[in-house]
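Enquirer:
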Ligand code: C2E
Ligand code: MG
Ligand code: MG
Ligand code: MG
C-alpha cells in the first residue's frame, strides 16, 4: 500500500543518498505511485468530471435570468444576475487512499507518461455524454461544454478522429463543444497540432486559448489560427480586489493604484484587441462582484470563477438549469 511504499523509499533514500531530502523523495515516490496506478484507476472508474459554470457578462435583458424582472441599474454583477451559458469540464481523481485529488496533482504526470491520451479521451466522452443529457432535458439551454486538451493528445493520438467519433456516438452537437488549448500547445512548429486545429474548427467545434497571458501571448499569430475564444488568465485580476486598502497599507497607496490601473488597462486593451480580431473573451478566476463588474465594464464577454460557482457534479448543473418557481 501507499504508506509502505513511502516508508520503504525513505529508508532506501537514507541508505543511498548523501543529500537526503525526505520531502523530495516522498513526493517523487507519490508521483511514481500515481503514474503507475493511473490507467488501472481509470479502468476502475476512479476518475470523475466536475463542471464549473461559465456565465455571460454581456448586459441586456437577454442575459438576465428569465424570472428576474428588476431593471438593469448597473449595480455590481451578482451570481444571480449572470446567465449560465456553458460549463468547463474539470477532471478529479477520487483516490481510495488519498481522497479527491486535484488535476494539478496528476495532469502533469499523465502528460509525462502518456496516460493523458486515454484519460483526456474519457473526459471528452464523459462531458459530451453529460452535455447531450442536459440538452435533451433542457432543449432551450444551449449550454456549451468546454473540455481541456493537452498538447500530447495532438501529437500521440488522432484527436480529430476521437472528437468526430465521440460527437457521433454521444450525439452532442459540435457547435456546443469548445476545446481549450494552451498557447504552448499551438505555438510550436507548424505540423500536426495546426492541421488538427483546422480540422476541428471545420467540424464546427469552437477553439479557446486557455490561460492566455501566461505564455508568449502572440496575438498576431493566434489571430491567424482558427481560434475563437481567449480565456484571460486569472492573474490579470489580481490588481482589482476588494482588499485594496489592505494592500495599499502594506505596499503604499501610490504603488497599489498604479498596479490596479495597469491591470485594468491591460484587460481593457486585450478585450478591445481580441474583439477587433474577431475573438470573444472569457475571464478566468473571477472571485468578487467588483472584479465581475469591472470585467463587464471592460466589455468582457463571459466569465468563470468562484464568485459565480465552483466546479460541481453534473447533478448540480441540472439544478442550476431547472427553472425556479
Ligand atoms: P484550467 O483549465 O485553467 O482550469 C481552471 C482552474 O481554475 C480550475 O482548477 C478551477 O477550479 C480553478 N478556478 C476556477 N475559478 C477560480 C477562482 O475564482 N479562483 C481560483 N483561484 N481558481 C479558480 P482545477 O480544477 O484544479 O484544474 C487545474 C488545471 O488542471 C486546469 O486549469 C487544467 O489546466 C487542468 N485540467 C483539469 N481537467 C483537465 C482535463 O480533463 N484535461 C487536461 N488536459 N487538463 C485538465
Ligand atoms: Mg481550462
Ligand atoms: Mg484556464
Ligand atoms: Mg488558469
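Numbering (UniProt numbering), first residue to last: 276 to 600. Beta carbons are placed, not taken as given, at the ideal position from N, Cα and C, and that holds for glycine. Since the model is a prediction, treat every value here as computed from it, not as a measurement.
Within the structure, which residues are defined as neighbours of ligand 6 by a Cβ-heavy atom distance below 7 Å, reported in chain order?
Expert: Ligand 6 is not among the ligands present in this structure, which contains only ligand 1, ligand 2, ligand 3 and ligand 4.
Enquirer: Terminal residues of the continuous alpha helix (DSSP H) containing residue 491?
Expert: To locate residue 491, count along the chain shown from 1; it is residue 216. No alpha helix (DSSP H) contains residue 491, which DSSP labels as neither H nor E.
Enquirer: Can we say the region 578-592 touches the region 353-372, given the rule of at least three CB pairs closer than 8 Å?
Expert: Output reads yes: the region 353-372 touches the region 578-592.
Enquirer: What did DSSP end up calling residue 582 once you bin it into helix, strand or coil?
Expert: Stepping through the chain shown from its first residue, residue 582 is reached at position 307. Three-state DSSP puts residue 582 in coil, outside helix and strand.
Enquirer: Less than 9 Å between the C-beta atoms of residue 392 and residue 432, yes or no?
Expert: Here the question's residue 392 lines up with position 117 in the chain shown. Here the question's residue 432 lines up with position 157 in the chain shown. It is a contact, given that the beta carbons lie within the stated cut-off.
Enquirer: Going by beta carbon distance, what residues of the same chain come within less than 6 Å of residue 503, once the five residues before and after it are set aside?
Expert: For the purposes of this step, residue 503 is taken as residue 228 along the chain shown, with counting starting at 1. Excluding residues within five positions, the ones whose Cβ falls inside 6 Å are 481 and 482.
Enquirer: In chain order, what residues of the same chain have a beta carbon less than 6 Å from the beta carbon of residue 386, not counting five sequence neighbours either side?
Expert: Stepping through the chain shown from its first residue, residue 386 is reached at position 111. Counting only Cβ-Cβ distances below 6 Å, and skipping sequence neighbours, we find 425 and 427.
Enquirer: Cβ of residue 432 within 8 Å of any heavy atom in ligand 1?
Expert: Along the chain shown, read from residue 1 onward, the residue named residue 432 stands at position 157. No, the Cβ of residue 432 stays beyond 8 Å of every heavy atom of ligand 1.
Enquirer: Residue range of the alpha helix (DSSP H) that residue 601 falls in?
Expert: The requested residue 601 is not part of the displayed model; the chain covers only 276 to 600.
Enquirer: Return the first residue and the last residue of the beta strand (DSSP E) that residue 485 is part of.
Expert: Mapped onto the chain shown, residue 485 falls at position 210. Taken as a continuous stretch (DSSP letters only), the beta strand (DSSP E) holding residue 485 covers 481-487.
Enquirer: Given a cut-off of 9 Å, decide if residue 511 and residue 545 are closer than it, judged by their beta-carbon atoms.
Expert: The residue you call residue 545 lines up with position 270 of the chain shown. The residue you call residue 511 lines up with position 236 of the chain shown. Cβ distance < 9 Å, so residue 545 and residue 511 count as in contact.
Enquirer: CB-CB under 8 Å to residue 282, same chain, minus the five flanking residues each way: which ones, in chain order?
Expert: Taking the chain shown and counting its residues from 1, one reaches residue 282 at position 7. Because residue 282 sits at a pLDDT of 43, beneath the cut-off of 50, its placement in the model cannot be relied upon, and the point is left open.
Enquirer: For ligand 2, any of its heavy atoms closer than 8 Å to the Cβ of residue 421?
Expert: Taking the chain shown and counting its residues from 1, one reaches residue 421 at position 146. Within the cutoff, so yes.
Enquirer: Beta-carbon within less than 6 Å of residue 473's beta-carbon, same chain only, minus the 5 sequence neighbours each way: which residues are those?
Expert: Locating residue 473 in the chain shown gives position 198, counting from the first residue. Here the set comprises 501.
Enquirer: CA-CA distance, residue 452 and residue 421?
Expert: Residue mapping note: residue 452 aligns to position 177 of the chain shown, counting from 1. Residue mapping note: residue 421 aligns to position 146 of the chain shown, counting from 1. One C-alpha to the other measures close to 6 Å.
Enquirer: Check whether the Cβ atoms of residue 589 and residue 366 lie closer than 9 Å to each other.
Expert: As a working mapping, residue 589 is identified with position 314 in the chain shown. As a working mapping, residue 366 is identified with position 91 in the chain shown. Cβ atoms of residue 589 and residue 366: not closer than 9 Å.
Enquirer: Only counting the same chain, and skipping five residues up and downstream in sequence, which positions put a Cβ closer than 7 Å to that of residue 401?
Expert: For the purposes of this step, residue 401 is identified with residue 126 of the chain shown, where counting begins at 1. 324.
Enquirer: Kindly list the residues whose CB is nearer than 8 Å to the CB of residue 293, restricted to its own chain and excluding five residues on each side of it in sequence; keep chain order.
Expert: In the chain shown, the residue the question calls residue 293 occupies position 18. Caution is warranted here: a pLDDT of 46 is assigned to residue 293, below 50, making its placement in the model unreliable, and the coordinate value is therefore given only provisionally. Excluding residues within five positions, none has a Cβ falling inside 8 Å.
Enquirer: Between residue 339 and residue 572, what straight-line distance do the alpha-carbon atoms span, to the nearest angstrom?
Expert: Working through the chain shown from its first residue, we reach residue 339 at position 64. Working through the chain shown from its first residue, we reach residue 572 at position 297. At residue 339 the pLDDT is 44, less than 50, meaning the model places this residue with poor confidence and gives no usable figure here.
Enquirer: Give the secondary structure of residue 330 by DSSP, where H, G and I count as helix, E and B as strand, and everything else as coil.
Expert: For the purposes of this step, residue 330 is taken as residue 55 along the chain shown, with counting starting at 1. Correct three-state label for residue 330: strand.
Enquirer: Could you check the C-alpha separation between residue 382 and residue 389 for me, to the nearest Å?
Expert: Taking the first residue of the chain shown as 1, we reach residue 382 at position 107. Taking the first residue of the chain shown as 1, we reach residue 389 at position 114. Their Cα atoms are separated by approximately 10 Å.
Enquirer: Have a look at the DSSP bridge pairing and note the partners of residue 304.
Expert: Position 29 of the chain shown, counted from the start, is the residue given in the question as residue 304. For residue 304, which the question treats as bridged, DSSP gives no partner whatsoever.
Enquirer: On the DSSP letters alone, give me the boundaries of the beta strand (DSSP E) that residue 370 sits inside.
Expert: For this step, residue 370 is matched to residue 95 along the chain shown. Per DSSP, residue 370 belongs to the beta strand (DSSP E) from 358-370.
Enquirer: Locate the beta strand (DSSP E) running through residue 452, then write down its first and last residues.
Expert: Start at 1 with the first residue of the chain shown, and residue 452 comes out as number 177. Element bounds for residue 452: 452-457.
Enquirer: Residue 587 by DSSP, collapsed to three states: which one?
Expert: Along the chain shown, one-based indexing puts residue 587 at 312. Strand at residue 587.
Enquirer: Measuring straight from C-alpha to C-alpha, what distance separates residue 372 and residue 326?
Expert: For the purposes of this step, residue 372 is taken as residue 97 along the chain shown, with counting starting at 1. For the purposes of this step, residue 326 is taken as residue 51 along the chain shown, with counting starting at 1. Taking the straight line from one Cα to the other gives about 24 Å.
Enquirer: What three-state label does DSSP hand residue 449 in the structure shown?
Expert: Position 174 of the chain shown, counting from 1, holds the residue named residue 449. Helix at residue 449.
Enquirer: Going by the beta-carbon positions, is the gap between residue 318 and residue 369 smaller than 9 Å?
Expert: Locating residue 318 in the chain shown gives position 43, where the first residue counts as 1. Locating residue 369 in the chain shown gives position 94, where the first residue counts as 1. Result no, Cβ atoms of residue 318 and residue 369 do not sit closer than 9 Å.
Enquirer: Just to check, is the beta-carbon of residue 492 closer than 8 Å to a non-hydrogen atom of ligand 1?
Expert: Residue numbering aside, residue 492 sits at position 217 when the chain shown is read from its first letter. Flag unset: Cβ of residue 492 not near ligand 1.
Enquirer: Cβ of residue 458 versus every heavy atom of ligand 1: is any distance shorter than 8 Å?
Expert: Within the chain shown, residue 458 is the residue found at index 183, counting from 1. It does not: the Cβ of residue 458 is nowhere closer than 8 Å to a heavy atom of ligand 1.
Enquirer: When burial is assigned at 16 or more other CB atoms within 10 Å of the CB, is residue 506 buried or exposed?
Expert: As a first step, residue 506 must be located in the chain shown, where it is residue number 231. Its Cβ being crowded by 16 or more others within 10 Å, residue 506 is buried.
Enquirer: Rounding to the nearest angstrom, what Cα-Cα distance links residue 597 and residue 297 in this structure?
Expert: For the purposes of this step, residue 597 is taken as the residue at position 322 of the chain shown. For the purposes of this step, residue 297 is taken as the residue at position 22 of the chain shown. Approximately 51 Å, taken between the alpha carbons.
Enquirer: Are there 16 or more other CB atoms within 10 angstroms of the CB of residue 374, so buried, or fewer, so exposed?
Expert: Sequence index remark: in the chain shown, residue 374 carries index 99 (1-based). Result: exposed.
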